[in-house]
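Each residue of the sequence shown is one higher than the one before, counting from 178 in my numbering.
In this text, a Cβ means the ideal position worked out from N, Cα and C, and glycines have one as well.
From a predicted model like this one, the values you see are computed outputs, not experimental measurements.
Notes for the one structure printed next.
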Amino acid sequence: RTRIPYLCQDLEQLMNDYKVDGVRFFRLRDGMTRVRHGWQNLSMPNRFGMIQQVLALLGRSTSLTELDLQEIGITDEVISSLANVLGQNTELCHLDLGRNYIGEQGAITIGNYLKCQKLTHLNLGENHFTHEGAHRIGMVLSQCTNLTHLNLGHLGIDVGAASAIAGGLAMCTQLTHLDICQIGAQGF
178 RTRIPYLCQD LEQLMNDYKV DGVRFFRLRD GMTRVRHGWQ NLSMPNRFGM IQQVLALLGR
238 STSLTELDLQ EIGITDEVIS SLANVLGQNT ELCHLDLGRN YIGEQGAITI GNYLKCQKLT
298 HLNLGENHFT HEGAHRIGMV LSQCTNLTHL NLGHLGIDVG AASAIAGGLA MCTQLTHLDI
358 CQIGAQGF
């Protein structure tokens with residue numbers, strides 16, 4: 178499944194788009210701003226290598242606005258490479274890391290490095306972090322005052338972690354879409 182076709186035609190006309198081994202990039206005058214994927218056809222070793230190359234390239238970008246890395250096999254190790262991208266970028270509006278293999282350390286790393294000033298969409302659903310990772314994500318959510326869409330569904334977190342997330346959400350006054358279905362070990 179590729180998510181590329183739903184991009185606005187107006188934006189595509191303003192950008193030069195190009196592909197590198199199945200990954201489609203869109204470049205505006207001020208540097209790379211969007212990364213979408215078409216990675217499902219790559220084998221896992223090739224996919225991991227490609228992810229590392231893309232993250233190295235993105236590490237030099239401070240103008241990235243949208244990063245969609247859903248369902249491509251990201252692990253805690255890859256998240257440590259992504260930390261550089263998250264830490265340097267203050268323009269990020271849309272971050273999709275859903276349906277990956279992000280565990281405790283990956284979620285903590287995301288929480289430590291994510292800049293939330295302009296973030297409006299965040300998808301961390303269907304990953305593998307629980308208690309400590311969810312606590313750190315809850316803390317960073319309190320800084321995401323422009324957040325409108327949040328997906329934390331299908332996480333096996335406990336009541337304490339759910340409470341930490343709820344505490345962070347109190348500051349998200351712009352939130353209009355929230356997915357927390359089956360957010361506990363039993364799902365609630």
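Just reading off the alpha helix (DSSP H) that residue i is part of, what are its end residues?
i	result
His312	308 to 318
Asn289	281 to 290
Asn261	253 to 265
Leu346	336 to 346
Between the alpha carbons of residue i and residue j, how many angstroms are there, rounded?
i	j	result
Val231	Ile249	13 angstroms
Asp198	Ala343	Only weak support exists for where Asp198 lies, its pLDDT of 45 falling under 50; the coordinates are left without a value.
Arg204	Cys321	Model confidence at Arg204 stands at a pLDDT of 44, short of 50, so the residue's coordinates are unreliable and nothing is read from them.
Leu269	Lys292	8 angstroms
Ser238	Ile251	20 angstroms
Ile360	His331	5 angstroms
Gly345	Gln294	15 angstroms
Leu352	Ala233	32 angstroms
Ser340	Gly236	33 angstroms
Tyr290	Ser257	10 angstroms
Thr242	Leu263	11 angstroms
Leu132	Gly275	With the chain covering 178 to 365 only, the question about residue 132 has no answer from this structure.
Phe306	Gln282	8 angstroms
His308	Met316	13 angstroms
Ala311	Leu318	10 angstroms
Ile357	Ala260	25 angstroms
Leu329	Asp273	11 angstroms
His326	Leu355	6 angstroms
Ala338	Ala284	12 angstroms
Determine the extent of the beta strand (DSSP E) in which residue i is found, giving its start and end residues.
i	result
Leu244	243 to 245
His326	326 to 328
Leu272	271 to 273
Asn323	Here Asn323 belongs to no beta strand (DSSP E), and DSSP marks it neither H nor E.
Gln305	Here residue 305 is His; the residue named in the question, Gln, does not match the sequence. Where His305 is concerned, there is no enclosing beta strand (DSSP E), given that its DSSP letter is neither H nor E.
Is residue i buried or exposed, if buried means 16 or more other CB atoms sit within 10 Å of its CB?
i	result
Glu254	exposed
Thr297	buried
Gly288	buried
Cys349	buried
Arg313	buried
Val336	exposed
Gln247	buried
Thr286	buried
Ala369	Any question about residue 369 goes unanswered here, given that the chain covers just 178 to 365.
Gly226	exposed
Which residues does DSSP pair with residue i in a beta bridge?
i	result
Gly361	Ile334
Leu355	Leu327
Leu232	In the DSSP output, where bridge partners are listed per residue, Leu232 has none listed.
Leu299	Leu272, Leu327
Just to check my reading of the structure: residue i and residue j have Cβ atoms closer than 8 angstroms, yes? What is that Cβ distance to the nearest angstrom?
i	j	result
Asn304	Asn277	6 angstroms
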